[in-house]
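Student: If you're matching them up, the sequences are chains A and S in order. Once you know that position 292 of the first sequence is 333 in the numbering used here, the rest is easy, because the numbers rise by one and skip nothing. Once you know that position 230 of the second sequence is 277 in the numbering used here, the rest is easy, because the numbers rise by one and skip nothing.
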Amino acid sequence: MEALRRHKSMFLLPGLLTLALIIIFPLLFTIRVSFSGWNVSNPQLDFIGGANYTAMLHDSRFWASIMRLVLLAGGTVLIQYVIGFGMALLVWREARGRRLWRVLFLVPMMTTPVVMAAIWQMIFHESLGPVNDLLGMLGLSKVPWLTESGPALVALMTVEVWQWTPFMFLLLLAGLLSLPKEPFMAAAIDGAGPWRTFRKVTFPLMAPVSVAAIIIRLIEASKLSDSVYVLTSGGPGSSTETPGYYLYIQGLRDQQTGYSGAMSLTYLVLMIVTLTVAAALLARAFKLKGDS
Amino acid sequence: MRSRLYPVFKYTVIALWACFVAGPFFWAMTTSFKDVNGVQGGATYLPWLQYEPTVVGWRNIFGGAGGVDVTQPFLNSAVVTVLASAISLVLGSLAAYALSRYRFKFGFIKNSDIVFFFVSQRIMPPVVLVIPFFYLLQWTGLLDTVVGLVIVTVALLLPIAVWVMVDFFNGIPREIDEMAMLDGCAPFQTFVRAILPNSLPGLTVAAMFCAVFGWNDFFFAFRLTFTEVQTLPQAVVALNSSIPPWWTLSAAALFGVAPLILLALWVERYLSKGNLSGAVR
Numbered sequence: 042m043e044a045l046r047r048h049k050s051m052f053l054l055p056g057l058l059t060l061a062l063i064i065i066f067p068l069l070f071t072i073r074v075s076f077s078g079w080n081v082s083n084p085q086l087d088f089i090g091g092a093n094y095t096a097m098l099h100d101s102r103f104w105a106s107i108m109r110l111v112l113l114a115g116g117t118v119l120i121q122y123v124i125g126f127g128m129a130l131l132v133w134r135e136a137r138g139r140r141l142w143r144v145l146f147l148v149p150m151m152t153t154p155v156v157m158a159a160i161w162q163m164i165f166h167e168s169l170g171p172v173n174d175l176l177g178m179l180g181l182s183k184v185p186w187l188t189e190s191g192p193a194l195v196a197l198m199t200v201e202v203w204q205w206t207p208f209m210f211l212l213l214l215a216g217l218l219s220l221p222k223e224p225f226m227a228a229a230i231d232g233a234g235p236w237r238t239f240r241k242v243t244f245p246l247m248a249p250v251s252v253a254a255i256i257i258r259l260i261e262a263s264k265l266s267d268s269v270y271v272l273t274s275g276g277p278g279s280s281t282e283t284p285g286y287y288l289y290i291q292g293l294r295d296q297q298t299g300y301s302g303a304m305s306l307t308y309l310v311l312m313i314v315t316l317t318v319a320a321a322l323l324a325r326a327f328k329l330k331g332d333s
Numbered sequence: 048m049r050s051r052l053y054p055v056f057k058y059t060v061i062a063l064w065a066c067f068v069a070g071p072f073f074w075a076m077t078t079s080f081k082d083v084n085g086v087q088g089g090a091t092y093l094p095w096l097q098y099e100p101t102v103v104g105w106r107n108i109f110g111g112a113g114g115v116d117v118t119q120p121f122l123n124s125a126v127v128t129v130l131a132s133a134i135s136l137v138l139g140s141l142a143a144y145a146l147s148r149y150r151f152k153f154g155f156i157k158n159s160d161i162v163f164f165f166v167s168q169r170i171m172p173p174v175v176l177v178i179p180f181f182y183l184l185q186w187t188g189l190l191d192t193v194v195g196l197v198i199v200t201v202a203l204l205l206p207i208a209v210w211v212m213v214d215f216f217n218g219i220p221r222e223i224d225e226m227a228m229l230d231g232c233a234p235f236q237t238f239v240r241a242i243l244p245n246s247l248p249g250l251t252v253a254a255m256f257c258a259v260f261g262w263n264d265f266f267f268a269f270r271l272t273f274t275e276v277q278t279l280p281q282a283v284v285a286l287n288s289s290i291p292p293w294w295t296l297s298a299a300a301l302f303g304v305a306p307l308i309l310l311a312l313w314v315e316r317y318l319s320k321g322n323l324s325g326a327v328r
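(1) According to DSSP, what are the bridge partners of Ile-156/S?
(2) With a cut-off of 8 Å, does the C-beta of Arg-240/S fall near any C-beta of chain A?
(3) Given Leu-190/S, which residues of its chain have a CB within under 6 Å of its CB, disregarding the five upstream and five downstream residues?
(4) Can you find the residues in the same chain that come closer than 6 Å, C-beta to C-beta, to Ser-268/A, ignoring five residues on each side of it along the sequence?
(5) What residues from the region 233 to 244 of chain A come within 9 Å of chain S, judged by C-beta to C-beta, listed N to C?
(6) By Cβ distance below 8 Å, which residues in the same chain neighbour Leu-286/S in space, the five residues on each side in sequence not counted?
(7) If the cut is a Cβ gap below 9 Å, which residues of chain A does Thr-78/S touch?
(8) Run through DSSP, which three-state label would Asn-287/S get?
(9) Could you have a look at Ile-210/A and say whether DSSP puts it in helix, strand or coil?
(10) Please report whether the beta-carbon of Val-68/S lies at a distance below 8 Å from any beta-carbon of chain A.
(11) Arg-140/A and Glu-99/S: beta carbons closer than 8 Å?
(12) Among Gln-85/A, Leu-86/A, Phe-103/A, which residue has its Cα nearest to the Cα of Ser-305/A?
(13) Identify the contact partners of Trp-186/A in chain S, using a Cβ-Cβ distance below 9 Å as the criterion.
(14) Would you check if the distance between the CB atom of Arg-254/S and the CB atom of Ser-140/S is smaller than 8 Å?
(15) Terminal residues of the continuous alpha helix (DSSP H) containing Lys-57/S?
(16) Applying a beta-carbon distance threshold of less than 7 Å, which residues of chain S neighbour Val-156/A?
(17) Can you look up Ser-333/A in the DSSP assignment and give me helix, strand or coil?
(18) Hey, quick one: how far does the alpha helix (DSSP H) through Pro-185/A stretch, first residue to last?
(19) Give a yes or no on contact between the region 321 to 330 of chain A and the region 249 to 268 of chain S, applying the rule of three or more CB pairs nearer than 8 Å.
(20) Just the Cα atoms here: how many angstroms apart are Leu-145/A and Gln-168/S?
(21) Is the separation between the beta-carbon of Ser-77/A and that of Phe-88/A shorter than 8 Å?
(22) Could you give the first and the last residue of the continuous alpha helix (DSSP H) run that contains Phe-88/A?
(23) Over what stretch of residues does the alpha helix (DSSP H) that includes Trp-294/S continue unbroken?
(24) Within 10 Å of its beta-carbon, does Tyr-144/S have 16 or more other beta-carbons around it, so buried, or fewer, so exposed?
(25) Taking Cβ positions only, does Thr-298/A come closer than 8 Å to chain S?
(26) Would you please verify whether the beta carbon of Leu-145/A is less than 8 Å from any beta carbon of chain S?
(27) Give the single residue among Ile-178/S, Val-162/S, Pro-234/S, Gly-104/S whose Cα lies nearest to the Cα of Tyr-300/A.
(28) Can the beta-carbon of Leu-243/S be found less than 8 Å from the beta-carbon of Leu-138/S?
(29) Should Ala-75/S be flagged as near chain A, meaning a C-beta pair shorter than 8 Å?
(30) List the residues that DSSP assigns as beta-bridge partners of Asn-80/A.
(31) I'd like to know if Gly-140/A contacts chain S, where contact means its C-beta is closer than 8 Å to some C-beta of that chain.
(32) Alpha carbon to alpha carbon, how far is Arg-73/A from Leu-86/A?
(33) When you compare the region 159 to 174 of chain S with the region 305 to 321 of chain A, are there three or more beta-carbon pairs, one atom per stretch, that lie closer than 8 Å?
(34) Cβ atoms of Leu-246/A and Arg-316/A: under 8 Å apart, would you say?
(35) Along chain A, which residues have their Cβ under 9 Å away from the Cβ of Phe-235/S?
(36) I'd like to know if the region 185 to 192 of chain A and the region 162 to 172 of chain A are in contact, where contact means that at least 3 CB-CB pairs between them fall below 8 Å.
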């Protein structure tokens with residue numbers, strides 16, 4: 042018994058210690074830094090109380106980036122879910138060609154986001170890019186995709202949808218394929234049409250997978266910063282900045298280390314709270330729809 | 048039951064999505080065979096019709112004039128990805144095996160809490176971690192080294208490995224462990240001789256996720272390495288300037304994602320429905 046106890050720890054400890062060093066050290070360090078006046082001209086760990094946090098409360102650029110992230114992440118994940126679910130429904134009953142769709146949907150989500158963002162930046166180029174070229178062929182005027190705030194956000198969302206809808210598709214397709222057959226047979230016997238079957242059977246049965254897929258995507262989307270860096274550099278002005286990108290500017294480019302520490306922690310806490318609330322709301326929303 | 052138009056609708060939707068997915072790759076491919084004249088001719092799509100194809104872009108990424116040599120960044124990325132994935136898989140499957148087979152109880156902390164502790168690392172925004180990592184690596188003299196980048200990348204990959212493997216081990220019947228134990232295997236032997244050989248599908252999926260995330264990391268490489276160790280995403284982004292040598296950038300981008308596309312094609316067969324749906328629950 043004693044030997045078994047020693048063994049089980051030996052299996053777990055290496056991984057646990059590695060992760061603890063990698064997570065707990067940075068967190069404690071960031072907490073300490075956030076109460077210091079550490080910046081580019083004063084690189085030391087003095088204690089200045091909550092001054093960084095007070096400054097942050099008045100930093101409208103930070104709060105604007107948070108609101109923008111909520112809209113961007115919420116919007117793109119919703120679009121990804123709708124398109125991904127729709128297409129999974131289109132192909133799940135076909136045995137033929139399913140491998141082809143899977144390959145088609147594996148490729149975007151596996152390719153390097155910053156590298157693909159570099160390609161998309163060329164594609165959205167105002168005068169030489171194919172998007173405006175196609176618009177021109179349709180007789181529409183050119184859009185300054187990356188130099189005006191509205192279109193820049195659309196471009197950013199397009200890239201996100203392109204890259205991550207496949208993730209939704211693959212998870213939801215896997216979910217659809219593992220559903221039990223009986224409820225569908227029962228629905229068919231009751232004479233339910235496709236829409237009724239979807240609303241009363243498919244959708245409720247898919248609720249757990251749906252919630253999991255949406256939450257996973259929200260977590261990843263909340264870290265959005267690499268494609269912002271490549272595609273728009275947060276511009277024009279600061280109109281496409283996400284918290285991740287703004288923190289990079291403050292903490293690493295301008296080396297306002299203490300201040301960025303305070304914002305990082307706030308951002309992390311806000312994220313955890315928002316995601317927890319979102320998870321609870323989603324679980325409730327999906328369950329309610331299933332009952333009615 | 049379904050209308051006759053349904054197949055038309057279905058294949059139209061799929062064809063449109065296929066164009067959307069393949070478009071950027073196709074466009075980058077044609078652009079990589081252009082030069083100044085080809086690019087300034089506007090967004091031309093068919094190289095053999097509208098301009099003279101040239102391999103100047105592809106030559107540039109292997110040290111040609113006006114480009115960069117991406118061979119070294121490619122090797123750096125490969126070494127970091129392989130090492131970090133291997134370490135994460137070893138540590139991750141050991142931990143996952145323990146979490147799947149033994150009950151842990153430290154006060155109010157249970158197995159599921161430990162799994163959650165591993166997985167919750169994915170919530171950490173990279174920007175929270177990067178400043179402490181910077182000083183940690185500076186103090187240990189590992190800043191701007193392959194070893195340093197491997198350590199940091201393990202932090203990214205370990206939770207993924209644990210997450211996939213716990214789920215997979217839970218699906219392996221405990222009778223296998225018991226048989227091995229009866230045959231006189233110690234716990235570690237049981238793991239190596241009886242469990243690992245049965246875990247190849249799970250390990251493949253975990254390795255794929257690790258390889259993709261490791262290869263795709265830009266942020267940590269960007270902030271924690273500068274000159275000595277440049278990874279491939281860094282090299283590609285460095286080419287991305289406002290005055291576009293688009294042929295070079297396109298060639299480098301395609302070169303950078305080619306291994307992942309090949310991996311996607313190869314690994315698709317392992318993504319049978321069981322593996323992926325299991326990963327969600």
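C-beta atoms are modelled at their ideal positions from N, C-alpha and C, and glycine is treated no differently.
Tutor: The structure says:
(1) In the DSSP output, where bridge partners are listed per residue, Ile-156/S has Phe-153/S.
(2) No, because no Cβ of chain A sits closer than 8 Å to the Cβ of Arg-240/S.
(3) Result list for Leu-190/S: Leu-184, in chain order.
(4) Same-chain partners within the cutoff: Pro-154, Ala-158, Val-200.
(5) Those would be Gly-234, Pro-235, in chain order.
(6) The beta carbon of Leu-286/S is closer than 8 Å to those of Gly-114, Val-115, Pro-292, Thr-295, Leu-296, Ala-299 in its chain, skipping five residues each way along the sequence.
(7) In chain order: Ile-160, Met-163.
(8) DSSP places Asn-287/S in the coil class of the three-state scheme, outside both helix and strand.
(9) Strictly speaking, residue 210/A in this sequence is Phe, with Ile absent from that position. DSSP places Phe-210/A within a helical segment (H, G or I) once states are collapsed to three.
(10) Chain A, which has a Cβ nearer than 8 Å to the Cβ of Val-68/S, makes this yes.
(11) With respect to Glu-99/S, Arg-140/A sits apart: the two C-beta atoms are not nearer than 8 Å.
(12) It is Phe-103/A.
(13) In chain order: nothing, as chain S lies at least about 13 Å away.
(14) Reading the sequence as shown, one finds Ala at residue 254/S and not Arg. For the pair Ala-254/S and Ser-140/S, the CB atoms are not nearer than the 8 Å cut-off.
(15) The continuous alpha helix (DSSP H) containing Lys-57/S extends over residues 52 to 79.
(16) Contact note: Val-156/A reaches chain S through Pro-280, Val-283, Ala-300, Gly-303, Val-304, using a C-beta cutoff of 7 Å and chain order.
(17) Because Ser-333/A sits at a pLDDT of 37, beneath the cut-off of 50, its placement in the model cannot be relied upon, and the point is left open.
(18) It is not in any alpha helix (DSSP H) - Pro-185/A carries neither H nor E in the DSSP assignment.
(19) The region 321 to 330 of chain A, when compared against the region 249 to 268 of chain S, does not touch it at the 8 Å Cβ threshold.
(20) One C-alpha to the other measures close to 30 Å.
(21) Yes, the Cβ-Cβ distance between Ser-77/A and Phe-88/A is below 8 Å.
(22) No alpha helix (DSSP H) holds Phe-88/A; DSSP gives it neither H nor E.
(23) Taken as a continuous stretch (DSSP letters only), the alpha helix (DSSP H) holding Trp-294/S covers 293 to 314.
(24) Flag for Tyr-144/S reads buried.
(25) It does; some Cβ of chain S falls within 8 Å.
(26) By this cut-off, Leu-145/A is an interface position.
(27) Tyr-300/A has its Cα closest to that of Ile-178/S, out of Ile-178/S, Val-162/S, Pro-234/S, Gly-104/S.
(28) No, Cβ-Cβ distance for Leu-243/S and Leu-138/S is not below 8 Å.
(29) Nearest CB-CB separation between Ala-75/S and chain A: below the 8 Å threshold.
(30) Bridge partners of Asn-80/A: Asn-83/A.
(31) According to the sequence provided, residue 140/A is Arg. The question's Gly does not apply to it. Interface criterion met: the Cβ of Arg-140/A is under 8 Å from a Cβ in chain S.
(32) If I take the Cα positions, the gap works out to 8 Å.
(33) Judged by pairs of C-beta atoms under 8 Å, the region 159 to 174 of chain S touches the region 305 to 321 of chain A, as three or more such pairs exist.
(34) First, the residue type needs correcting, since residue 316/A is Leu and not Arg in the sequence shown. In this structure, Leu-246/A does not lie closer than 8 Å to Leu-316/A by Cβ.
(35) Residues of chain A passing the Cβ test: His-48, Met-51, Phe-52.
(36) The region 185 to 192 of chain A and the region 162 to 172 of chain A touch, with no fewer than 3 CB-CB distances between them shorter than 8 Å.
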